[in-house]
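Below is one structure, written out as structure tokens; comments come after it.
There are 2 protein chains.
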Amino acid sequence: MSSQPQPSFDADQLVRDLALAGRSAQRTLARMDDAAKAAALRAAAAALRSGAAEILDANAQDLAAGEANGLSPAMLDRLKLDEARLEGVASAVETVAALRDPVGDVIDRRTAPAGMELSRVRIPIGLIGIIYESRPNVTADAAALCLRSGNAVLLRGGSEAVHSNRAIHRAFARGLAESGVPAEAIQLLPTQDREAVGAMLRASGLIDMIIPRGGKGLVERVQNDARVPVLAHLDGICHTYIHSAADPEMAVKLALNAKMRRTGICGAMETLLLDAAFPGCIDVVRALLDSGCELRGDARAQALDPRIKPASANDWDTEYLDAVLSVAVVDGLDAALAHIARHSSGHTDAIVTHDNPVAERFLDEVDSAIVMVNASTQFADGGEFGLGAEIGIATGRLHARGPVALEGLTTYKWQVRGRGEARA
Amino acid sequence: MSSQPQPSFDADQLVRDLALAGRSAQRTLARMDDAAKAAALRAAAAALRSGAAEILDANAQDLAAGEANGLSPAMLDRLKLDEARLEGVASAVETVAALRDPVGDVIDRRTAPAGMELSRVRIPIGLIGIIYESRPNVTADAAALCLRSGNAVLLRGGSEAVHSNRAIHRAFARGLAESGVPAEAIQLLPTQDREAVGAMLRASGLIDMIIPRGGKGLVERVQNDARVPVLAHLDGICHTYIHSAADPEMAVKLALNAKMRRTGICGAMETLLLDAAFPGCIDVVRALLDSGCELRGDARAQALDPRIKPASANDWDTEYLDAVLSVAVVDGLDAALAHIARHSSGHTDAIVTHDNPVAERFLDEVDSAIVMVNASTQFADGGEFGLGAEIGIATGRLHARGPVALEGLTTYKWQVRGRGEARA
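Each protein sequence line maps, in turn, to chains A and B. According to my numbering, the residues represented by the first sequence are 1 to 424, in order. According to my numbering, the residues represented by the second sequence are 1001 to 1424, in order.
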């Protein structure tokens, strides 16, 4: 910020020290059994409850500062904790405590040609960096998921939530302290200096994976600057294609739900593709318009209802996160697939149809992390998938895709058990 | 090379064009069934055989140029093809053709709380970049593994092997042409300009993964500069720990094999840890010295035999790839684990012991891609693991670790089959 040379703050050194401490704690954590990790999380949940007054006080400080700094009502709402929300945070930690631990699972077993027994065994990844914005609940959620899967975590929350994050972290750590988990397993970066974020992104070999949680600006910066592997999604430009053989009632219901249930989540539909041969196009469009959604269509879509505005070229690549939807009329499955291949962000795309071969082609050929038949794209969520929780949704191609929960926070090693075999 | 501004060669544009063509070909490939992909590879193997004269002529050109340029005998040997080696290349392609195709495998299946059926299905990764040095067989090996798993590949071989690589690529492509695989599924970069390597490393979103195959300089450059995920290992600093309860004969046999069978491979042992309580230390050390291996030891190791030279601090972090070995005497399992945690490159580490609890602790606590009990570290190889082949060995923590074959060249997507479910 200043044009003067800065004094002695060395962000790389700070992150290095924290990372080494975290990695060392992780080695202890990796040797803890399932029951001990689960008990530690239940103790953390209890400490969040017993520390409620302190956490809510800290949160009030953040809220007051936020108001003084002119944060938007939406930002203030994301920041705000109250007793009910804090109880939600604590019980989410208990939910994670109750999840099955994937560490130690044998992924496959084989006998080597020379006779050794080979097993691939799930292990924690190591040290996970979480960089997030204004939601203080991420402090506890992310810590719980990382710890449950045997990983240490280095948290860096947003400046707006600094007091809340510190109070949640303190309470969480108090819970863990009673249960043998080393304190350094869960560390909160002690500075809000933005240089420290850069240092985390550069910390290749020290931090094993970074997960950004927040808006597009944050995710974009992390993806562009990180030298550490990143698990994330940038956009959720989700499509629903209403095929000619769609059930008309289901088409209306799923289009409404995919767009309007909550418009601000990454799984919300952003583009509707209507098959020209589907008889119910007008009903779908009317239902959306009547529900208060703004529609922007190509020429053929506009012909369906005069309230539909013209779409610009940009609209097909826009994640509105609002009650706005782009609509195109397409001629058959191949045209829908081509549109999706060109404009999808690889998050979640759906088809509505009763034609099974068409559904299967859609499932095979759409190259997104999640591909759906006859379901709302708003189901793109780890909880809805039955994973119990999620640390995020990934649209990259490697390691983990779609909703990521405990398994995505593990990797594997090969264990080889021989009886003295030497290689010929 | 010149200080003049270069004319119109735009490496980024070239890589972009090739990558887009490769991605488009990959979409066709992804829809080919298993039998068709296998048949295409068998046709490619046949074309390598029928094109032998052309390939060997091209190789002779490379060898002549290499000699003129003063390549070392070892480099010339890596470059050299003859009828037997070319037959090896062709039959390796047939081996890959006979492997089981993992694409389409359902990794797991579950029912969502709201009722939809979820499956995670293996799919190809997309477009793989291979950057390699003087071994022309990589052209066919890598192409075969990528194609078998439904991926397109962009190959960039070393300048020394340019004629050989082009001839192998032409023959391979002729084979594929007869079998419906689009030509752009397997592309060889048409230029040796080093800028093109940089462009591949920058091609985030165009190339999905890069695998470097070659010396440490190459791997280091790729790991440092790539904006695309990289699957690789930099070092193979592999340890063998001879525990006090090791069988003395087995200890000698495995130490000799792990070090001396082939000293230049990444799975060769580079550090021997001898437990002070193991009665056979002197025999192990003598056998290695007598086999022509130079030993560099700490003070306690040096006391075992006067031929052992002193190790410097550097030796514990050195991959010799030669008949040289560092040797330390340690006091028990914990000291061995600590040494390995500090100096291992995370590739392959082994223990020799008949004490089962000790073996299991070693398997659990050593954090390397491959951990072995009572076996030679030289088994660290996809073929020896029964994977049928390997595209490389990875020491990173995400996506795939250890020997990587077809499964490591796949990712997955979630397929969701609903009956009209909307999210509440």
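All residues carry an ideal CB built from backbone N, CA and C; glycine is no exception. Model, not experiment: these values are computed from the prediction.
### Task
Assuming Leu1154/B contacts Gln1187/B (C-beta within less than 8 Å), just tell me the rounded distance between them.
In the second sequence, counting from the first residue as 1, residue 1154/B sits at position 154. In the second sequence, counting from the first residue as 1, residue 1187/B sits at position 187. Confirmed, about 5 Å.
### Message
Rounded to whole angstroms, what is the Cα-Cα separation between Ser344/A and Asp12/A?
### Response
Residue 344/A sits at position 344 when you count from the first residue of the first sequence. Residue 12/A sits at position 12 when you count from the first residue of the first sequence. Computed Cα separation, rounded: 37 Å.
### Query
DSSP beta-bridge partners for His239/A?
Walking along the first sequence from the start, residue 239/A turns up at place 239. Answer is Thr271/A, Asp349/A.
### Task
Check each candidate in Ala255/A, Asn165/A, Pro306/A and name the one with the smallest Cα separation from Pro136/A.
In the first sequence, the residue the question calls residue 136/A occupies position 136. Per the Cα distances, Asn165/A.
### Message
Which of the three DSSP states is assigned to Ala1400/B in this structure?
### Response
Along the second sequence, read from residue 1 onward, the residue named residue 1400/B stands at position 400. Coil at Ala1400/B, not helix or strand.
#### Entry: Residue burial classification, Gly158/A (beta-carbon count within 10 angstroms, cutoff 16)
Within the first sequence, the letter at position 158 stands for residue 158/A. Gly158/A is buried by the Cβ-count criterion.
### Message
Mapping the DSSP letters down to three states, classify Val358/A as helix, strand or coil.
### Response
The residue labelled residue 358/A in the question sits at position 358 within the first sequence. In the structure shown, Val358/A sits in a helix (DSSP, three-state: H, G or I).
### Query
Skipping 5 residues on each side, what residues in its chain have a beta carbon closer than 6 Å to that of Val15/A?
Counting from 1 along the first sequence, the entry for residue 15/A is found at position 15. Correct list, in chain order: Ala199, Met200, Ala203.
### Message
How far does the beta strand (DSSP E) with Gln415/A in it extend, from its first residue to its last?
### Response
Start at 1 with the first residue of the first sequence, and residue 415/A comes out as number 415. Residues 410–421.
### Query
What separation, rounded to the nearest whole angstrom, lies between the Cα atoms of Gly420/A and Ser1376/B?
The residue given as residue 420/A occupies position 420 in the first sequence. The residue given as residue 1376/B occupies position 376 in the second sequence. Roughly 8 Å separates the two Cα atoms.
### Message
I need the boundaries of the alpha helix (DSSP H) containing Pro136/A, first residue and last residue.
### Response
For this step, residue 136/A is matched to residue 136 along the first sequence. Unbroken run through Pro136/A: none, as it is neither H nor E.
### Query
Would a check of beta-carbon distances place Ala369/A closer than 7 Å to chain B?
The residue given as residue 369/A occupies position 369 in the first sequence. Chain B, which has a Cβ nearer than 7 Å to the Cβ of Ala369/A, makes this yes.
### Message
Taking CB distances under 7 Å as the criterion, tell me whether Arg202/A reaches chain B.
### Response
Stepping through the first sequence from its first residue, residue 202/A is reached at position 202. Cβ-Cβ to chain B under 7 Å: no for Arg202/A.
### CB of Ala1258/B within 7 Å of CB of Gln1061/B, strictly
Residue mapping note: residue 1258/B aligns to position 258 of the second sequence, counting from 1. Residue mapping note: residue 1061/B aligns to position 61 of the second sequence, counting from 1. Cβ atoms of Ala1258/B and Gln1061/B: not closer than 7 Å.
### Query
Quick one: which chain B residues come within Cβ less than 7 Å of Phe172/A?
Walking along the first sequence from the start, residue 172/A turns up at place 172. Those do not exist, as Phe172/A stays about 25 Å from chain B at its closest Cβ, beyond 7 Å.
### Query
Any contact of the region 1063–1079 of chain B with the region 1107–1123 of chain B, i.e. 3+ C-beta pairs under 8 Å?
no
### Task
Please report the residue range of the alpha helix (DSSP H) in which Gln1026/B lies.
Residue numbering aside, residue 1026/B sits at position 26 when the second sequence is read from its first letter. Per DSSP, Gln1026/B belongs to the alpha helix (DSSP H) from 1011–1030.
### Query
If you check the beta carbons only, do Ala1185/B and Asp1355/B fall under 7 Å apart?
Indexing the second sequence from 1 puts residue 1185/B at position 185. Indexing the second sequence from 1 puts residue 1355/B at position 355. For Ala1185/B and Asp1355/B, no; Cβs fall outside 7 Å.
### Message
Please state the DSSP three-state secondary structure of Met209/A.
### Response
Start at 1 with the first residue of the first sequence, and residue 209/A comes out as number 209. Three-state DSSP puts Met209/A in a strand.
### Message
Suppose contacts are defined by Cβ-Cβ distances below 7 Å. Is Gly1126/B in contact with Gln1026/B by that definition?
### Response
One-based indexing of the second sequence puts residue 1126/B at position 126. One-based indexing of the second sequence puts residue 1026/B at position 26. Result yes, Cβ atoms of Gly1126/B and Gln1026/B sit closer than 7 Å.
### Query
Which of helix, strand or coil does DSSP assign to Asp225/A?
Sequence index remark: in the first sequence, residue 225/A carries index 225 (1-based). Asp225/A: helix per DSSP, three-state reduction.
### Query
What is the DSSP secondary structure of Asn257/A, counted as helix, strand or coil?
Looking up residue 257/A in the first sequence gives position 257. DSSP places Asn257/A in helix when its eight states are reduced to three.
### Task
For Leu154/A, go through chain B and note every residue whose CB falls closer than 8 Å to its CB, in chain order.
Taking the first sequence and counting its residues from 1, the one referred to as residue 154/A is at position 154. The contacting residues do not exist; Leu154/A stays about 15 Å from chain B at best.
### Message
Just to confirm the assignment: which complete beta strand (DSSP E) runs, minimum length 3, are found wholly within the region 1073–1158 of chain B?
### Response
1106–1111, 1117–1124, 1127–1132, 1152–1156
### Message
Output needed for Val1416/B: all residues of its chain with C-beta closer than 7 Å, excluding positions within five of it in sequence on either side, in chain order.
### Response
For the purposes of this step, residue 1416/B is taken as the residue at position 416 of the second sequence. Taken in chain order, the residues that qualify are Met1116, Leu1118.
### Cβ contact (3+ pairs, closer than 8 Å) linking the region 41–59 of chain A and the region 83–95 of chain A
yes
### Task
Output, in sequence order along the chain, the residues in the region 1229–1260 of chain B whose CB is closer than 9 Å to any CB in chain A.
Pro1229, Leu1231, Asp1247, Glu1249, Met1250, Lys1253, Leu1254, Leu1256, Asn1257, Ala1258
### Message
Could you check whether the Cβ of Lys37/A sits closer than 7 Å to any Cβ belonging to chain B?
### Response
Indexing the first sequence from 1 puts residue 37/A at position 37. No, no contact with chain B.
### Task
For Gly1129/B, decide whether its Cβ has a neighbour in chain A, counting only Cβ atoms nearer than 7 Å.
Residue 1129/B sits at position 129 when you count from the first residue of the second sequence. No, because no Cβ of chain A sits closer than 7 Å to the Cβ of Gly1129/B.
#### Entry: Exposure label - Ile308/A; buried when at least 16 CB within 10 Å
Indexing the first sequence from 1 puts residue 308/A at position 308. Buried: at least 16 other Cβ atoms inside 10 Å.
#### Entry: Minimum Cβ-Cβ distance from Pro1113/B to chain A less than 7 Å
As a working mapping, residue 1113/B is identified with position 113 in the second sequence. Taking Cβ atoms only, chain A reaches closer than 7 Å to Pro1113/B, which makes this a yes.
### Query
Looking at the C-beta of Asn1374/B, does it have a partner C-beta in chain A at a distance below 7 Å?
Reading the second sequence from its first residue, position 374 is the one you call residue 1374/B. Yes, its Cβ sits closer than 7 Å to a Cβ of chain A.
### Pairwise C-alpha distance: Thr1263/B and Arg1296/B
Taking the second sequence and counting its residues from 1, one reaches residue 1296/B at position 296. Taking the second sequence and counting its residues from 1, one reaches residue 1263/B at position 263. For Arg1296/B and Thr1263/B, the distance between alpha carbons rounds to 16 Å.
### Task
From the DSSP output, in three-state form, read off Asn314/A for me.
For the purposes of this step, residue 314/A is taken as the residue at position 314 of the first sequence. If DSSP states are grouped into helix, strand and coil, Asn314/A belongs with the helices.
### Message
Please tell me whether Asp275/A and His239/A are closer than 7 Å, where the distance is taken between their beta carbons.
### Response
Position 275 of the first sequence, counted from the first residue, corresponds to residue 275/A. Position 239 of the first sequence, counted from the first residue, corresponds to residue 239/A. Contact flag unset, no.
### Message
I need the boundaries of the alpha helix (DSSP H) containing Ile55/A, first residue and last residue.
### Response
If you number the first sequence from 1, residue 55/A lands on position 55. Residues 52–68.
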